Every structure is written in structure tokens, then in C-alpha cells.
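Under the numbering used here, the first residue of the sequence shown carries the number -18, and numbering increases by one thereafter.
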Amino acid sequence: MKRTSISMILAVMFLFITQVLTAQVVISAKEFSAEAKKNKTLVVIDANTADNYAKSHVMGAVNVPHKELYKPGDVEGLIQSPADLAAYFGAKGISNTSNIVIYDDGSSKYSSRVYWALDYLGATNLRILHKDMDQWKAARVPLTRNKTAVKAATFAPSLNASIMVTAADVKGCSGNCVIVDSRHVSEYDGTSEKPVSVGHIKGAINVEYKEFVDDKGAFKSADKLKAVAAKHGLTSDKTIILYCVTSVRAAVSFVALKEILGYPNVKIYDGAYNEWTAQGGAMEK
């Protein structure tokens, strides 16, 4: 009886914690609209392309297209150095202590990628706003075409190195460690022709990022996310290494597992498929 009672208490506590975490990470249009009216220091990031930003964006938002976070080179999608990232965000008026809300086109991919980059760099207050025009209209989220005037800030990086891994870490993943491929199953099994895929990293399991979002691209509730994780054997005691092609889709899985569910050891292999295949890493279909 005592064991049953303790188990029930722990289950209730975990549910409460995950609900709190969800509230901290995902902000509704109604909550955002109310906060934006009161908090004039709120920093809003539009993670869409420059062209989409020019057509319409949240009033006061600065544009941070995810591709601007990458360094030039033969391997597409590798994040810039911490110093370069800090300079980039600072020039956009974003500091490490800014109260930041990020949104994208509604897919959650680009907002999650920018979220992860800022988390890695040491930003302390990050949330995601899902773009749903019906909800935005109901909440009267203000939109404009006018570019936001930016006042430069200082971003003092304090690396959260635990959320990024290298190819060497992937090769050393064993025991209670699992590699998760966040791509479509056709890319995972090597049948995809566009994009071309030669399979997946040896030993990886396939959990497409779309399993963590609903039909509109919004993150599912904590209960539904837990069900997805359980279906694939992803438990909080495991080290989970995520990858895709350029870490955009993997970032959605990261936000779902680490930021919403609170799994402590969730990491992204930033080099991803592109670096792994370029280096001749072991693949299978």
C-alpha cells in the first residue's frame, strides 16, 4: 500500500513539474499579447526568412533567420563559434539576460533551432510562441511590415555545452545512450530521393520530429509528448542524442524532450547527417 501511494505521489509530482515546464517554454498568443503590452523590454524574435519578415511580423520583432547562425564551409548547418554568435545576437539587440520570445512560420522548426542556439550560448529566459493566425487574431497580436529599429546589446556567452555533442560523442554512444534520427522514415531507411539519403547513423532509431507536434505544427501537450517518448522507449534516465540534416528538425525534438518534458540528458549532434557522411561515419539502412 505504501509503495502504491508513493508511486502515485511521484506520478502526480512529475505531471505537475512537466505542466510547469510547458508553461515556461511555450507561451500562448493570449499570454504573449498581455505580456507584450506590459513588458516593454520583451525581446521578440522572428525566426523566418528575411522575405517573410518583410511581408509581416509581430510589432517590435527582430529578424533572426536560422541560416544566419551557420558558419561558411563545406558542411552546411554547423553553428558559428560562440564569440561570433554572441556578436551576432548582440547586434540584433539581444543579450544573454533578455526576456526572449521566439516564433516562426508555424512549423516550430526554425523557432526551435534559434531557441537551441540561444540555449547553447547561455540565454537565461527563452520561450516559444506558436504562430496560429486564428489565435493571433483572437488575442490581437499586433502585426506590421515596418522593420524594427534595433539598439545593440552585449551578449555575454556562458556556454551550456552539455546540450551539444560531437561526432566522437556519437561514436561513443553505448549502454544507456540512444541516437535518435529526427528525419522522415524515407530518409532514415535510405529510400528518399529528395533529399538524397544513404541511410542513417549506425544504431540510430527513427523518431520523426513531427511526432512531437500537432497538425498545425504546435507542440503537443506534455501528456501526449510522454506517450510519444514511451512508444519509442525514450526515458528520462537515458542520454538522448538527436540529429537530422542541419539540426533544424532535431531542435524540435530537443525542445519537446528536454525543455517541455524535462529530460535531463538530451543533446544535439550539431554536425548531423551532413558532417557524419562527409567524414565517412558508419551508416546503415
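Don't be surprised by glycine CBs; every beta carbon is placed ideally from N, CA and C.
Given the structure is predicted, the values throughout are model-derived calculations rather than measurements.
Report task. Please classify I75: does DSSP put it in a helix, a strand, or coil? Result -> For the purposes of this step, residue 75 is taken as residue 94 along the sequence shown, with counting starting at 1. Three-state result, I75: coil.
Query raised in the report: Which residue's Cα is closest to the Cα of V188: P176, A199 and D162?
Result: Locating residue 188 in the sequence shown gives position 207, where the first residue counts as 1. The residue with the shortest Cα to Cα distance from V188 is D162.
Query raised in the report: Where does T227 fall in DSSP's three states?
Result: The sequence position of residue 227 within the sequence shown is 246, counting from 1. In the structure shown, T227 falls within a coil segment according to DSSP collapsed to helix, strand and coil.
Requested in this report: Enumerate in chain order the residues of its own chain whose CB-to-CB distance from V159 is below 6 Å, with the five nearest sequence positions on each side excluded.
Outcome: Locating residue 159 in the sequence shown gives position 178, where the first residue counts as 1. Setting aside the 5 residues that flank it on each side, V159 is surrounded in the same chain by K219 and I221, each with a C-beta closer than 6 Å to its C-beta; the list follows chain order.
Query - Nearest-angstrom Cα separation, counted from S9 out to T227 - result: Walking along the sequence shown from the start, residue 227 turns up at place 246. Walking along the sequence shown from the start, residue 9 turns up at place 28. Taking the straight line joining both Cα atoms gives about 28 Å.
Report task. Flag this pair as yes or no: are the beta carbons of K183 and F193 separated by less than 8 Å? Result -> As a working note, residue 183 is residue 202 in the sequence shown. As a working note, residue 193 is residue 212 in the sequence shown. The Cβ atoms of K183 and F193 lie no closer than 8 Å to each other.
Report task. Quick one: measure Cβ to Cβ for A148 and G54, integer angstroms, because I've assumed they're closer than 8 Å. Result -> Here residue 148 refers to the residue found at position 167 when the sequence shown is read from its first residue. Here residue 54 refers to the residue found at position 73 when the sequence shown is read from its first residue. Incorrect: roughly 15 Å between the Cβ atoms, too far for contact.
Query raised in the report: Looking at A210 and G58, is the spacing between their C-beta atoms short of 8 Å?
Result: Translated into the one-based positions of the sequence shown, residue 58 becomes position 77. Translated into the one-based positions of the sequence shown, residue 210 becomes position 229. No.
Query - Alpha-carbon spacing of N255 relative to Y69, whole angstroms - result: Counting from one through the sequence shown, the residue named residue 255 turns up at place 274. Counting from one through the sequence shown, the residue named residue 69 turns up at place 88. Pairing N255 with Y69, the inter-Cα distance amounts to about 24 Å.
Requested in this report: Could you check what DSSP says for V146 in three-state terms: helix, strand or coil?
Outcome: As a working mapping, residue 146 is identified with position 165 in the sequence shown. Strand, per DSSP.
Query raised in the report: Tell me the DSSP bridge mates of V131?
Result: On the sequence shown, residue 131 is found 150 positions in, with the first residue counted as 1. The partner list for V131 (beta bridge, DSSP) is empty, contrary to what the question assumes.
Query raised in the report: Is it true that the stretch 110 to 130 meets the stretch 223 to 238, where meeting means three or more beta-carbon pairs spaced less than 8 Å apart?
Result: The stretch 223 to 238 and the stretch 110 to 130 do not touch, with fewer than three beta-carbon pairs separated by less than 8 Å.
Query raised in the report: Going straight from the alpha carbon of K266 to that of A185, what length do you get?
Result: Sequence index remark: in the sequence shown, residue 266 carries index 285 (1-based). Sequence index remark: in the sequence shown, residue 185 carries index 204 (1-based). In a straight line, the C-alpha of K266 is about 10 Å away from that of A185.
Requested in this report: For A199, collect the residues of the same chain with a Cβ closer than 6 Å to its Cβ; drop the 5 residues on either side in sequence, then sort them by chain order.
Outcome: One-based indexing of the sequence shown puts residue 199 at position 218. Once the five neighbours on either side are set aside, the close Cβ partners of A199 are H111.
Query raised in the report: Alpha carbon to alpha carbon, how far is P123 from Y190?
Result: Numbered from its first residue, the sequence shown carries residue 123 at position 142. Numbered from its first residue, the sequence shown carries residue 190 at position 209. Rounded to the nearest whole angstrom, the CA to CA distance from P123 to Y190 is 30 Å.
Query - Cα-Cα separation between A4 and K18, rounded to whole angstroms - result: Reading the sequence shown from its first residue, position 23 is the one you call residue 4. Reading the sequence shown from its first residue, position 37 is the one you call residue 18. With a pLDDT of 44 at A4, under the threshold of 50, the modelled position of this residue cannot be trusted, and the question is left open.
Query raised in the report: On the premise that P138 lies in contact with L107, defined as a C-beta separation below 8 Å, what is that separation, rounded to the nearest angstrom?
Result: The residue given as residue 107 occupies position 126 in the sequence shown. The residue given as residue 138 occupies position 157 in the sequence shown. Under the criterion of beta carbons closer than 8 Å, L107 and P138 do not qualify as touching, at roughly 14 Å.
Query - Cβ-based neighbour list, D113, same chain, cut-off 8 Å, excluding 5 preceding and 5 following - result: The sequence position of residue 113 within the sequence shown is 132, counting from 1. Once the five neighbours on either side are set aside, the close Cβ partners of D113 are A10, G87, K197 and A199.
Requested in this report: Would you please state the rounded distance, in angstroms, between the beta carbons of L66 and A15? I believe it to be under 8 Å.
Outcome: Here residue 66 refers to the residue found at position 85 when the sequence shown is read from its first residue. Here residue 15 refers to the residue found at position 34 when the sequence shown is read from its first residue. Actually they are not in contact, since the Cβ atoms of L66 and A15 sit about 31 Å apart, beyond 8 Å.
Requested in this report: Go through its chain and collect everything with a Cβ distance to N157's Cβ below 8 Å, but skip five positions before and after it.
Outcome: Position 176 of the sequence shown holds residue 157. Closer than 8 Å at the Cβ level, and outside the excluded window around N157, lie D218, K219 and T220.
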